[in-house]
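For the sequence shown, our numbering gives the first residue as 3, with consecutive numbering after it. Heads up, the beta-carbon is just placed ideally off N, CA and C, and yes, glycines get one too. For reference, the structure discussed in these notes is given below.
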Amino acid sequence: MSKKTNVVVLFGGQSGEHEVSLVSAHAVMAALDPERYEVLPVGITKAGRWLAGPGAHAALVAAADRAQLPTSFQPREVASALSTQEFSILNSQLSIDVVFPVLHGPMGEDGTVQGLLELAGVPYVGCGVAASAVGMDKALMKAAFAAAALPLLPWLLVRRGELEADAEAACERVEVALRYPVFVKPANMGSSVGVSKAKDRAGLRAAFAEAARYDRRIVVEQGVPAREIEISVLGNDRPGTSVPGEIVPSGEWYDYAAKYLDGESQILIPAPIDADLAARVADLAARAFLAIDGAGLARVDFLLDKETGELWLNETNTMPGFTPISMYAKMWAASGLTYSALLDRLIELALERHQARFGGGAP
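See below:
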């Protein structure tokens, strides 16, 4: 019998997406084949403590903001909810073959944890330090996309200090460059946390205040009447793409509640678009992935203008949600790759990338 692969599943974290991570990690741990993998759950509390052991997930769920968890979510059964211990990846005496960092948002998806894992010399699933950092920061991401000549809607960067000095001047700068409605987003956040749609000056002021709670850098994007098209990317230097999907949000737009809480948004897989447009989505997604030097996985999001038919690249997500209703895995399932097989491939890609970088193998 071959040796099992020891997988640390890392979840929680200190970002506003802590609860999303708990749900994602629950799904990942439940789907990893126990005949192939030995899973060690490691949770990062909101205070930054690392807890390892079979009770780590239950401990973080017990302390979570219940309002941010889907009502249908049930924590994974564990041997003992109290079976945890302090953990450090740098001082761990455990045999760790690979880490699966199911972390969303700052202090997890943004290159910080990836840098720690690089220092520890441990293979890990997903993008490296630079791609994670650029993929997390919407302003840097857009700069990388622009350099690769990818289609982007007009946008502006506003800093919190600018708002503190003269919020009205910041509003005027937006109104000169863009037209209402606009979307206002923290530069470093995901899952629509801190994101608002502003339709007038009063709404813009409120949107700035909300985004500034999460980041000192704020991205303001031109709003268009759009369909939301997404596609999954899988691979390292030669990425492949799934069939595209479409989100029909339950509300006016795809906010946090529509994504995770109300369960009423429609998911159309494959997206009802023609073959030529689907091929363009796939091509642009692969180019966007390579533009940030992606590795392992990403979900790439597009906006398809309902009036003009123009296709705009919105963003890449380097650690997209793995919740039961998340698009990333569903699009691969529709492409013939099951959830468990997808996890197997992500772990293979992590080990291949680590070998290529540190073992002298071909990239």
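Annotation: Gly137 is outside any beta strand (DSSP E); the continuous alpha helix (DSSP H) that includes it extends over 131 to 138. Beyond the five residues adjoining it in sequence on each side, Gly296 comes within less than 6 Å, by CB distance, of Cys129, Ala133 in the same chain, given in chain order. DSSP links Asp303 through a beta bridge to Glu232, Glu317. Leu121 carries a helical assignment under DSSP once its states are collapsed to helix, strand and coil.
Per the coordinates, the alpha-carbon of Gln87 lies some 14 Å from the alpha-carbon of Gly50. Where Phe13 is concerned, the enclosing beta strand (DSSP E) starts and stops at 7 to 14.
The Cβ neighbour count for Gly311, taken over all protein chains shown within 10 Å, is under 16; the residue is labelled exposed. Where Phe102 is concerned, there is no enclosing alpha helix (DSSP H), although the beta strand (DSSP E) around it starts and stops at 100 to 103. With a beta-carbon spacing of about 7 Å, Gly225 and Lys199 fall inside the 8 Å limit used to define contacts.
If you check the CB distance, Ala273 and Ile231 come in under 7 Å. Going by C-alpha positions, Gly163 is about 13 Å away from Ala213. Taking Asp303 as the centre and dropping the five residues before and after it, the same chain places the C-beta of Glu232, Asn316, Glu317 closer than 6 Å to its C-beta, in chain order.
DSSP lists Thr7 as the beta-bridge partner residues of Tyr39. Going by DSSP, Ile269 is part of the beta strand (DSSP E) stretching over 268 to 270.
Here DSSP, grouped into helix, strand and coil, assigns Ile46 to strand. The three-state secondary structure of Val197, taken from DSSP, is coil. Take Pro43, set aside five residues on each side of it, and the residues of its chain with a beta-carbon closer than 6 Å to its own are Val11, Ala58, His59, in chain order. Distance from Val136 to Leu158 at the Cβ level is roughly 19 Å; contact not present, criterion being Cβ atoms closer than 8 Å. Boundaries of the alpha helix (DSSP H) around Lys332: 329 to 336.
In the three-state DSSP reduction, Ile275 falls in the coil class, being neither helix nor strand. As computed with DSSP, Leu158 is found in a beta bridge with Val222.
In the three-state reduction of the DSSP assignment, Thr325 falls in the coil class. About 17 Å separates the CB atoms of Thr325 and Ala300; that is not less than 8 Å, and the two are not in contact.
The criterion of a C-beta distance shorter than 7 Å is satisfied by Val221 and Lys140. A direct Cα-to-Cα measurement between Ala352 and Gly55 gives close to 23 Å.
For Asp285, the closest C-alpha among the options Gln95, Leu206, Val245, Leu345 is that of Val245. By the Cβ rule, the region 30 to 49 counts as touching the region 93 to 113, because three or more pairs are nearer than 8 Å. As the crow flies, the alpha-carbon of Leu306 is around 22 Å from that of Val195. The three-state secondary structure of Val186, taken from DSSP, is strand.
In the three-state reduction of the DSSP assignment, Glu309 falls in the coil class.
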